[in-house]
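Student: In the UniProt record's numbering, the protein residues as written are 1 to 81. From the three backbone atoms N, C-alpha and C, an ideal C-beta is built for every residue, glycine too.
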């Protein structure tokens, strides 16, 4: 059944379970579970977006920075003229 569903699906499911349980994942954990070429750019974007939406922190082990994606960017306040 695993081949029918796909290894990347199982890896994503495991990542989500771990992320929800621990509240965080590292970029390195994600990249190890789903190396380059496993997902399309759109699928990878959706994975990161979905993890953030589920309030899973994505942390870079090397820098220690939390990856907020573009959610951290607040829109500029309207300028009054």
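In terms of residue numbering, what span does the beta strand (DSSP E) encompassing residue 57 cover?
Tutor: 57-59
Student: Do the CB positions of residue 82 and residue 56 come within less than 8 Å of each other?
Tutor: The requested residue 82 does not occur in the structure, where the chain is confined to residues 1 to 81.
Student: Can you pull the DSSP bridge partners for residue 25?
Tutor: 58
Student: Suppose the cutoff is 6 Å on Cβ atoms and the five residues either side in sequence are ignored; what does the same chain contact list for residue 66 look like?
Tutor: Excluding positions up to five away in sequence, the list reads 57, 59.
Student: So, under 8 Å CB-CB, residue 20 and residue 41 are touching, yes? Tell me the CB distance rounded to an integer number of Å.
Tutor: About 24 Å separates the CB atoms of residue 20 and residue 41; that is not less than 8 Å, and the two are not in contact.
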